[in-house]
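Structure first, then comments.
2 protein chains.
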Amino acid sequence: MSGRTDEQATDGTGPARAPDERGPIVRQTLHDAVVSRVRDLIVDGTLASGTRIHESNLGRELGVSRTPLREALKYLASEGLIELSPGRGAVVRQFSAKDIRDSLIVLGELEGLAGRLACVHASESQIAEVAAMHARMVAMYEARDRLPYFKLNQEIHTAIVRISGNEALVDVHGIIQARLRRIRYLGHQGPENWAQAVTEHEQFVTLLRARDADGLARALAHHMDATWERVKNEV
Amino acid sequence: MSGRTDEQATDGTGPARAPDERGPIVRQTLHDAVVSRVRDLIVDGTLASGTRIHESNLGRELGVSRTPLREALKYLASEGLIELSPGRGAVVRQFSAKDIRDSLIVLGELEGLAGRLACVHASESQIAEVAAMHARMVAMYEARDRLPYFKLNQEIHTAIVRISGNEALVDVHGIIQARLRRIRYLGHQGPENWAQAVTEHEQFVTLLRARDADGLARALAHHMDATWERVKNEV
DNA sequence: AGCAAGAATGCTGTATGCAGAATACGGTTG
DNA sequence: CAACCGTATTCTGCATACAGCATTCTTGCT
């Protein structure tokens, strides 16, 4: 499957691509690059919610003409990150508290399904990989290194979904996750319940190792509820 | 929420828009119209899976220049209905049997969630509306009028999701449903288990009326399994 | 005859130009 | 002083133009 061939947006710190990107010479087209770039600008807050996007301005800023930029905006509009009003241009989507709550509910359901499937389909090496990612995440937590922690956190969720082997699930999960990335990014700014989130992640690894499908599904769904509790006061 | 503001694609018989389009003067932009039009062309098979889309040709055929057409293609690529290879243009996405299976699994999960939420949030009038749609659908079934039956069938599913009140759910459901529309359209061509599908829909109304959340969730999830059984030999 | 290299053609990717709508501003009037 | 209307400017929407790459056909060589 894979409707979205571009990488999932990065955290906005480094370049868009993973370092081990090799593959059969994928010529990144300009509008694809712009999609990633603008997505990052939205996630890191440079383009704040509700901001109107002036095509000429942003285009000049990115060193790109209006054409590929407009194409990128259409793509992002389909993802739901921006809204287009005919004749009035593009606006960075505003997510209400209810939008976020709704998204987390759906995400919980999707990851729950992913967890059940992953427990069935995961190879031992895949489980080990997730465990390794988790270990690195814990290290970042102990070093209080927020950005890498945040990235690894997201990657673990994505990995579990990928292990499910269901491409449609990967796709829609990616869409919702992209919409929430900005919010979760903010949610991890505060110090409060950071430890709790790490503990919950700890369980994922344990349950995946035990291939406890229902347990993992419950844990992932619960994680979304807990995430809501952590972020709901900030939106 | 609502990332996708355009209408869900039509059945491919008539023009994309309803004739009574009035509303608060929404100036339909050209690329939006093209999105709907091309989506319909894919669903009704005019643009078969694997077909390469020549921008100039299709543009001339639709009476549109390449610019809005290309913008529409980017949008549809994000939806996952077509694939873009840099330098090589757009191709109508081919869905493998596994893709369809995966999509139905996700759709079952999403509609299951929608059913649970709908049983809680539905107003009596909304339930009556679904029941009325179902009655019309049964009438079309008895008249063996396939196209309206097919449309109403889809609308009922969409209605239940909408009643859930979860906009994120509406969005992702819409994406998966759009991808499957072509397949389901084919699935209802054969006469075999048409009656069975109608019976399953009958249950939806009964369970929704009874506000049996878990029952409706199970019925909707099961409906997707059954749908797979009905279509799996045709893909 | 088969293969390879080069040329030619067609298509995509991007930039620019132009027309029409939306917004902002200033002047006028109640 | 406020509200409204007309004008000017800016921005979007679409079309067209141009450059570069991909593909195919042709031609020369083995």
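Here the protein sequences come in this chain order: A and B.
The working numbering applies: residue 1 is where the first sequence begins, and numbers increase by one.
The working numbering applies: residue 236 is where the second sequence begins, and numbers increase by one.
Glycine included, every Cβ here is placed at the ideal spot set by N, Cα and C.
This one's a predicted model, so the numbers in the text were calculated from it and none came from an experiment.
Boundaries of the beta strand (DSSP E) around A:G89: 89 to 92. A:G50 is outside the set of residues whose beta carbon lies under 8 Å from a beta carbon in chain B. Selection A:G59, A:V205, A:E79 evaluated against B:V407 yields A:E79 as nearest (Cα-Cα).
Below 8 Å, too few C-beta pairs join the stretch 146 to 163 of chain A and the stretch 430 to 447 of chain B to call them touching: fewer than three. Using a Cβ distance threshold of 8 Å, A:R37 and A:L62 count as a contacting pair. Within the stretch 303 to 375 of chain B, the beta strand (DSSP E) runs of at least 3 residues that lie entirely inside it are, in chain order, 317 to 320, 324 to 327. Put simply, of B:A357, B:V270, B:H289, B:R287 the residue whose alpha carbon is nearest the alpha carbon of B:V396 is B:A357.
Residue pairing by DSSP places B:R287 opposite B:V326 in a beta bridge. The C-beta of A:H31 comes closer than 8 Å to at least one C-beta of chain B.
Closer than 7 Å at the C-beta level to chain B, one finds these residues of the stretch 143 to 171 of chain A: N166, E167, A168, L169, D171. In the three-state scheme derived from DSSP, where H, G and I count as helix and E and B as strand, A:T158 is classed as helix.
Three or more Cβ pairs closer than 8 Å define a contact, and the stretch 272 to 285 of chain B falls short of that threshold against the stretch 95 to 111 of chain A. B:I391 is positioned such that its CB atom lies closer than 8 Å to that of B:V365. In this structure, B:V269 keeps its C-beta atom at 8 Å or more from the C-beta atom of B:L316.
Remark: C-beta atoms of A:L117 and A:G174 do not approach each other more closely than 8 Å. For a Cβ distance threshold of 7 Å, residue set A403 of chain B lies close to A:S103, ordered along the chain.
Out of A:Y141, A:M140, A:R179, A:A128, the CA that lies nearest to the CA of A:A159 is found in A:A128.
Secondary structure at B:Q412: helix, using DSSP grouped into helix, strand and coil. Annotation for A:L41: the continuous alpha helix (DSSP H) segment containing it runs 30 to 43. When secondary structure is reduced to three states using DSSP, B:R446 falls in the coil class, being assigned neither helix nor strand. Only residues of its own chain outside the window of five on either side were considered, and among them I100, I183, R184, L186, G187 have a CB closer than 8 Å to the CB of A:V231, listed in chain order.
Taking C-alpha positions only, B:L404 is separated from A:D225 by approximately 16 Å. Around A:L110, the same chain offers V161, L169, V172, H173, I176 as residues with beta carbons nearer than 8 Å, after the five sequence neighbours per side are excluded. Residue contact with chain A for B:R305: present (Cβ-Cβ distance below 8 Å to some residue of chain A).
About 13 Å separates the Cβ atoms of B:A454 and B:Q431, ruling out a contact at the 8 Å cut-off.
As the crow flies, the alpha-carbon of B:A283 is around 11 Å from that of B:R274.
For the C-beta of B:L348, the chain A residues within less than 8 Å are, from N- to C-terminus, I105, V106, E109. Look at the stretch 410 to 424 of chain B: the residues with a C-beta under 7 Å from a C-beta of chain A are I410, I411.
Against B:Y310, the close residues of chain A are K74, Y75, A77, S78, in the order they occur along the chain (beta-carbon pairs closer than 8 Å). Linking A:E142 to B:T302 through their CA atoms gives a straight-line distance of about 51 Å. Against chain A, the beta carbon of B:D460 has no neighbour under 7 Å; the closest one sits roughly 14 Å away. Between the alpha carbons of A:T51 and B:M372 lies a distance of about 44 Å. Note on geometry: alpha-carbon atoms of A:E55 and A:V91 lie some 11 Å from one another. Spatial neighbours of A:L207 in its own chain (CB-CB distance under 7 Å, excluding positions within 5 residues in sequence) are listed in chain order as G215, L216, A219.
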